[in-house]
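Working notes for the structure below.
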Amino acid sequence: MQLLFAADPELWGIIGISFKVSMSALLLALPIGLLIAFGLAYGNFIGRRFLITSFNTLLSFPAVVVGLTFYILLSRQGPLGEWRLLFTQPAMIIGQMALAIPILVAMGHSALQAIDRRAWETARTLGASLPRATMTIMREARFGLLAALLAAFGRIISEVGASMMLGGNILHYTRNIPTAIALETSKGEFAQGVALGLVLLLMAFTLNGMLQLVQGKGRLAA
Amino acid sequence: MTRTVKLLFALFTLLFSAAIACAADNQVIRLATTTSTVNSGLLDKLLPNFEQESGYQVHVIAVGTGKALRMGRDGDVDVVLVHAPAAEQKFVADGYGEQRFAVMYNSFVILGPAEDPAGVKKAKTTSDVLAKIHSTNAFFVSRGDDSGTHKKELSLWKDAGLTPSGDWYREAGQGMGKVIQIADEMNAYTLADKGTWLAYREKSRLRITFQSDTKLHNPYGIIEVSKSLYPDLNHSGAEALITWITSKDAQQQIADYRIHDEQLFVPSAAQTAMHLDK
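Heads up: the sequence lines are chains A and B, in that order. Every number in the numbering used here is 43 more than the matching position in the first sequence, counting from 1. Every number in the numbering used here is 27 more than the matching position in the second sequence, counting from 1.
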C-alpha cells in the first residue's frame, strides 16, 4: 500500500496508458455508436428490430472473444496482418472500441427513443437541417447518453481479456491497470493487485463525480 | 456537427498513422517469452542493460511456450526465448526459426504438501515420484496450458510409463504462479520451475518434495524468427539480442541473479553466438 502513495513512476505510467487507451477508444467509438443509435431510433428500415436485438446481444459478448477475434484478424497470418497492429496500443484501442460500441448503441438507442418524437418533427418543420435536428435531439437525450458513455467507459477501462490478448501486457507500452492486476495476481503479489484495483476504483469514482457535477449543472439550467 | 466529425476523423487518422509508424520502428524488438523468465524477475534485471548498451527497446510478451512459438510461427514477434527443446527443434526444422542458441537452464522441482501424503520424499528418481503419486491418487495439479512446463510434465509421465488421468489429476490451464497457488489450496503436488517457486516460497505452504534429478533440468533457448519467411521483422535487433544474451558479460549477469540468496539460472551458452558476430 505504501507503494501506491509513494508516487511510483511505474504505476503512474500504467495508469497513464490505461487512460490514454480507454479515452481514445471511447472518443473514437462515440460518433460511431451514436450514429448507429440514432439510425436505429429514428430510421425506418427493414431489419431495424433485428439490428437492435443484435446490439443488445453483443452487450454480453465476452471481452476475451472480442480479443481473440481481433487477434486472429490482426495477426500477420490474418486478413489485417499487413497493418502490423498486434501488440500495440492501437490494437487495444480497436478491441476496446468493439466493446464500447454495443453499449453506446444499446443504451444510446433507448435514451433517444425516450425522447418525444415530435421534438424531431418540430425541429425539422422549423427548418432545422438534418445535422442540426440531430444535435437538438442529442441535447434532449443528453442525460441518457451520458449514462451510456459512462457505462461504456466503465466496461473498457476495467476489461482485461481483450487488452491482454491484443496488447500483450508489454511494460511501458501496453500494460494497463487490468492487465497489471492480472500479472501481479499471477506472480502472487495480491497486495499489489488489490492496490491497483483501488486505483482503478478511485479513477472511476473521480470521473463519475466530475460528470455528475456537469450533469447537475445541466439540470439547473434547464 | 460536421466539424466534430471531421475532427474525429482527423484524430482517427492521426492515431493510426502514428501507430503504423511506431510498429515499423526498427528500435523495437518484440520478444515472446515464457512467464517464468518474467515472473522470476530475471528479464527485468537483464534487459535494461541490453537496452542501454544497444539502444534497442525490447517489448516483452510473456506467455506460455506453446503460444510464444505460435507467435514466432505467425511472424508476430521477432525473437522467442522459451524452454521446450523438442518443440524448439521442431520450430527450427519446420523453417519458422533460424538457429537455436542455448541461453541457460534452471531446474524443475516437485512441490507437495509438507505432510507428503504420497511419500515421494523417499523416492530415488522422478519416475519413482510420479509412480507414487499415481498409485496413491494424491492430488496433482497440471499446468494444462501447453507451456514448456506442461510439456515437460507430460514427457516425465511418459518416461515413467504412466498415463495421468482421473479425479486426482487436475489440469488448471493457468500460469506457473497460479498453479502453485492452486496446488497450495488443494494440498496437491505439482511440477514447478525453481525460479517461480523461489518467488512464491514465502507465501506458500507447499514444500519441495523432490529435486536434483538431471531429468528435471529445464533448458532455455533463444531463436530468431525466420528471415526468409518474414524478411521485414526486426532481424538485426533479434540478432543483437541473441549476441548479447549469449555473451560472457550477460551470461555472468544471469549467473549472478539471485532470489532469496539462491541462484536461479545456470548460464549455458557455450560461445555459441560467435558466428553471429561476423
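Where is the CB? At the ideal position from N, CA and C, for every residue including glycine.
Check whether residue i and residue j have beta carbons under 8 Å apart
i                : j                : result
glutamate 212/B  : serine 169/B     : no
alanine 68/A     : alanine 143/A    : yes
alanine 72/A     : glycine 151/A    : no
arginine 91/A    : leucine 83/A     : yes
alanine 149/A    : asparagine 99/A  : yes
isoleucine 88/B  : leucine 69/B     : no
leucine 243/A    : isoleucine 200/A : yes
glutamine 8/B    : alanine 267/B    : Residue 8/B is absent from the structure shown; chain B starts at 28 and stops at 305.
alanine 223/A    : isoleucine 57/A  : yes
glycine 138/A    : valine 108/A     : no
glycine 204/A    : alanine 106/A    : yes
methionine 208/A : leucine 111/A    : yes
leucine 291/B    : leucine 225/B    : yes
isoleucine 272/B : valine 130/B     : yes
asparagine 66/B  : asparagine 245/B : no
methionine 181/A : leucine 173/A    : no
alanine 184/A    : alanine 154/A    : yes
Residue environment, residue i, which counts as buried when at least 16 other CB atoms sit within 10 Å
i                   : result
serine 63/B         : buried
histidine 161/B     : buried
serine 229/A        : buried
leucine 183/B       : buried
glutamine 120/A     : exposed
histidine 177/B     : buried
proline 133/A       : buried
threonine 217/B     : buried
alanine 225/A       : buried
valine 55/B         : buried
proline 191/B       : buried
phenylalanine 248/A : exposed
alanine 120/B       : exposed
serine 206/A        : buried
asparagine 128/B    : First, the residue type needs correcting, since residue 128/B is phenylalanine and not asparagine in the sequence shown. Buried: at least 16 other Cβ atoms inside 10 Å.
threonine 92/B      : buried
histidine 262/B     : buried
alanine 51/B        : Reliability fails at alanine 51/B, whose pLDDT of 49 lies under 50, so the model's placement of it is uncertain and the value that follows must be treated cautiously. Under this definition alanine 51/B is an exposed residue.
threonine 241/B     : exposed
histidine 302/B     : Bear in mind that a pLDDT of 42 at histidine 302/B, under 50, signals an unreliable position, so the number given afterwards is only what the model happens to contain. Flag for histidine 302/B reads exposed.
glutamate 229/B     : exposed
proline 75/B        : exposed
glycine 59/A        : exposed
alanine 48/B        : Here alanine 48/B scores only 49 on pLDDT, less than 50, and its place in the model should not be relied on; the value that follows carries that caveat. It counts as exposed.
lysine 117/B        : exposed
valine 257/A        : exposed
phenylalanine 113/A : buried
glycine 211/A       : buried
Amino acids of chain B, ordered along the chain, whose beta-carbon sits closer than 9 Å to that of residue i
i                : result
tyrosine 85/A    : Correct list: empty, because the minimum Cβ distance to chain B is about 15 Å.
asparagine 219/A : Those do not exist, as asparagine 219/A stays about 15 Å from chain B at its closest Cβ, beyond 9 Å.
Contacts that residue i makes with chain A (C-beta to C-beta distance below 7 Å)
i             : result
alanine 158/B : What alanine 158/B touches in chain A: nothing, since even the nearest Cβ is about 30 Å away.
arginine 57/B : Phe130
lysine 230/B  : Gly231
Neighbour list for residue i in chain B, Cβ cutoff strictly below 8 Å
i                : result
isoleucine 213/A : His86, Val87 and Ile88
arginine 119/A   : Asp101, Gly102, Asp103 and Tyr257
lysine 230/A     : Asn66, Gly204 and Ala226
Contact test: residue i Cβ vs the ligand ZN heavy atom, cutoff 7 Å
i             : result
glycine 200/B : Ligands are entirely absent from the displayed structure, and the ligand ZN is therefore not among its contents.
Supposed close pair residue i, residue j - CB separation, criterion 8 Å
i                : j                : result
glycine 124/B    : glutamate 251/B  : 6 Å
lysine 221/B     : valine 136/B     : 5 Å
lysine 148/B     : threonine 236/B  : 5 Å
alanine 215/B    : glycine 175/B    : At roughly 20 Å, the Cβ-Cβ gap does not stay under 8 Å, so alanine 215/B and glycine 175/B are not in contact.
glycine 248/B    : glutamate 115/B  : 5 Å
glycine 76/A     : leucine 147/A    : 3 Å
valine 106/B     : isoleucine 269/B : 7 Å
asparagine 179/A : alanine 190/A    : Here the sequence assigns threonine to residue 179/A, which means asparagine is not the residue at that position. Not a contact, Cβ separation roughly 19 Å.
proline 122/A    : leucine 116/A    : 6 Å
leucine 243/B    : threonine 153/B  : 6 Å
lysine 72/B      : tyrosine 284/B   : 6 Å
Chain-ordered chain B contacts of residue i [CB-CB under 7 Å]
i             : result
leucine 129/A : Asp103
Neighbour list for residue i in chain A, Cβ cutoff strictly below 8 Å
i               : result
threonine 62/B  : Ser229
glutamine 208/B : Gly231
Taking 8 Å as the threshold, find out whether the segment 159-168 of chain B comes into contact with the segment 81-91 of chain B through three or more Cβ pairs.
No: the two stretches stay apart, fewer than three of their Cβ pairs being nearer than 8 Å.
Would you call the segment 185-193 of chain B and the segment 101-112 of chain B touching, i.e. three or more CB-CB distances under 8 Å?
no
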